[in-house]
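Line by line, the protein sequences give chains A and B. Just so you know, we're using UniProt numbering here: the first sequence kicks off at 1 and counts up by one. Just so you know, we're using UniProt numbering here: the second sequence kicks off at 1 and counts up by one.
2 protein chains.
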Amino acid sequence: MSEYTLHCFGESGNAYKAALMLELSRCDWSPVWVDYFNGETRQAEFRAGTNEMGEVPILGHKRLKLTQSGVILDYLAEQTRKFGPKSEDERREVWRWILFDNHKFTSYLATLRFMINFTKTGETPVTEFLRPRVISALKIVDQHLAGQPFIIGKRATIADFSLCGYLFYGEEIPVPLQEHIHVMKWLDRIRALPGWKPPYELMPRGI
Amino acid sequence: MSEYTLHCFGESGNAYKAALMLELSRCDWSPVWVDYFNGETRQAEFRAGTNEMGEVPILGHKRLKLTQSGVILDYLAEQTRKFGPKSEDERREVWRWILFDNHKFTSYLATLRFMINFTKTGETPVTEFLRPRVISALKIVDQHLAGQPFIIGKRATIADFSLCGYLFYGEEIPVPLQEHIHVMKWLDRIRALPGWKPPYELMPRGI
């Protein structure tokens with residue numbers, strides 16, 4: 001059995017954040033596929049026994065079962081001593097961007113991608129509400145990356161892995177990513193990290 | 001001059017999370033009013049000089065200028081040694097709920113309240129998209145609180161202050177809160193903490 005298990009499915013960029021960290025840190029890990037598209041995370045057994053928040057990813061390690069990608073990334077950085085902050089200032093900066101990602105970036109981007117690609121709603125008032133918010137958040141990240149190669153400075157950290165989670169899904173991305181040149185160059189830098197793999201090579205797909 | 005400053009405005013539940021923590025921890029602090037409703041946070045000077053993310057709250061303390069309510073709460077818990085986690089397990093549990101709040105609770109609730117109360121859109125496809133998501137998150141919190149008085153157990157922590165941020169706005173709350181009995185009792189417990197005050201008593205209003 002692997003040292004780490006990750007409850008996940010390929011389409012989940014939140015799960016990819018954790019899977020990418022595990023892979024780049026050379027952890028001994030294996031994915032545990034969750035049948036999200038057939039409602040597994042909404043079932044009472046999953047909520048009661050696995051995660052009351054009804055979400056993946058879930059990291060299993062020794063006695064621990066951790067949820068929320070930000071908590072998982074923080075834990076893995078501690079365990080592996082890789083891609084973590086090296087000072088209190090850096091620690092706060094990492095969390096600042098992980099929170100921004102959760103609140104203003106992934107929250108809108110993941111939902112917009114889901115609607116366009118999976119529920120296939122086409123353009124609706126809701127997608128028209130979400131898209132400018134995604135682009136506004138993307139611009140903030142782009143502006144930030146104009147001055148430095150990675151989110152907190154010169155080296156990749158878990159803050160990068162959090163923010164990039166939904167940006168390696170190629171044609172599924174529902175905004176014009178290529179207009180954000182600093183983001184594009186930053187994604188190239190992450191792609192160049194030894195061991196990098198795209199989401200569908202790390203986790204089994206649901207669809 | 002106060003030891004702590006908080007850039008804020010009364011209507012911001014995210015700012016209230018920090019203001020409440022400062023007040024309950026008996027910090028020497030003062031609010032610095034930000035004219036959000038006239039666009040101050042969207043101006044280039046604010047973005048360049050104050051917060052590139054274009055948001056309040058911002059905590060000023062000594063040489064530091066901290067943004068993101070989760071980072072501010074974590075910092076204040078460290079500084080004051082109040083309302084913080086007391087073990088690594090607790091620390092992860094606190095962050096798990098702060099992330100859930102940012103991603104799935106405040107993100108939807110704050111936007112819905114803003115549309116209903118401030119931009120006064122009335123019911124639209126977007127409010128109809130947001131409301132069930134707020135209620136779904138509220139149910140997860142309610143279920144969680146069925147088993148314990150506060151978010152991580154028997155005592156109040158910054159995880160409570162994060163999640164309750166938008167729930168002390170009385171009639172501005174755009175969902176039927178009273179249907180969630182464990183949430184209601186939990187809010188009573190927070191209201192009973194020595195020094196508790198509602199948002200508009202702690203921060204100047206914009207409207």
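The beta-carbon is built from N, C-alpha and C at its ideal position, and this holds for glycine as well. Quick caveat: nothing in here was measured; it's all calculated off a predicted structure.
If you draw a 10 Å sphere on the C-beta of Glu55(B), you find 16 or more other C-beta atoms in it, and that means buried.
Linking Glu52(A) to Pro198(A) through their CA atoms gives a straight-line distance of about 28 Å. Beta-bridge pairing by DSSP links Pro198(A) to no other residue. Contact of Leu59(B) with chain A is not assigned, every C-beta pair being separated by 8 Å or more.
Straight through space, the alpha carbons of Gly49(B) and Gly147(B) are spaced by roughly 45 Å.
Around the Cβ of Phe37(B), a 10 Å sphere holds fewer than 16 other Cβ atoms; the residue is exposed. According to the DSSP assignment, Ile207(A) belongs to no beta strand (DSSP E), since it is labelled neither H nor E. Residue-level contact by beta carbon fails for Thr5(A) and chain B, as no gap is shorter than 8 Å. Neighbours of Met53(B) in chain A, taken as residues whose beta carbon is under 7 Å from its own, are Phe100 and Ile140 in chain order. Nearest to Arg63(A) by C-alpha distance, out of Tyr4(A), Pro194(A), Pro204(A) and Ser136(A), is Tyr4(A).
The beta carbon of Ser87(B) does not come within 8 Å of any beta carbon belonging to chain A, so the residue lies off that interface. Residue-level contact check: Asp74(A) touches chain B, since one or more beta carbons of chain B fall below 8 Å from its beta carbon. Note that the C-beta distance between Val175(B) and Leu145(B) is not below 8 Å.
Measuring C-alpha to C-alpha distances from Tyr169(B) to each of Glu201(B), Ser69(B), Arg92(B) and Asn102(B) identifies Glu201(B) as the nearest.
Note on geometry: alpha-carbon atoms of Ser25(A) and Asn14(A) lie some 17 Å from one another. If you ignore the 5 residues before and after Ala110(A), its C-beta comes within less than 8 Å of the C-beta of Gly13, Asn14 and Tyr166, all in its own chain and listed in chain order.
Between the alpha carbons of Gln143(B) and Asp188(B) lies a distance of about 17 Å. Separation of Tyr108(B) and Phe118(A) (C-alpha to C-alpha, rounded to the nearest whole angstrom) is 21 Å. In this structure, DSSP gives His180(B) a state outside helix and strand, which the three-state scheme calls coil. In this structure, the beta-carbon distance from Leu163(B) to Phe105(B) falls below 8 Å.
Three or more beta-carbon pairs separated by less than 8 Å are not found between the region 31 to 46 of chain A and the region 88 to 95 of chain A, which leaves the two stretches without contact. Between Leu73(B) and Met21(B), the C-beta gap is smaller than 8 Å, which places the two residues in contact.
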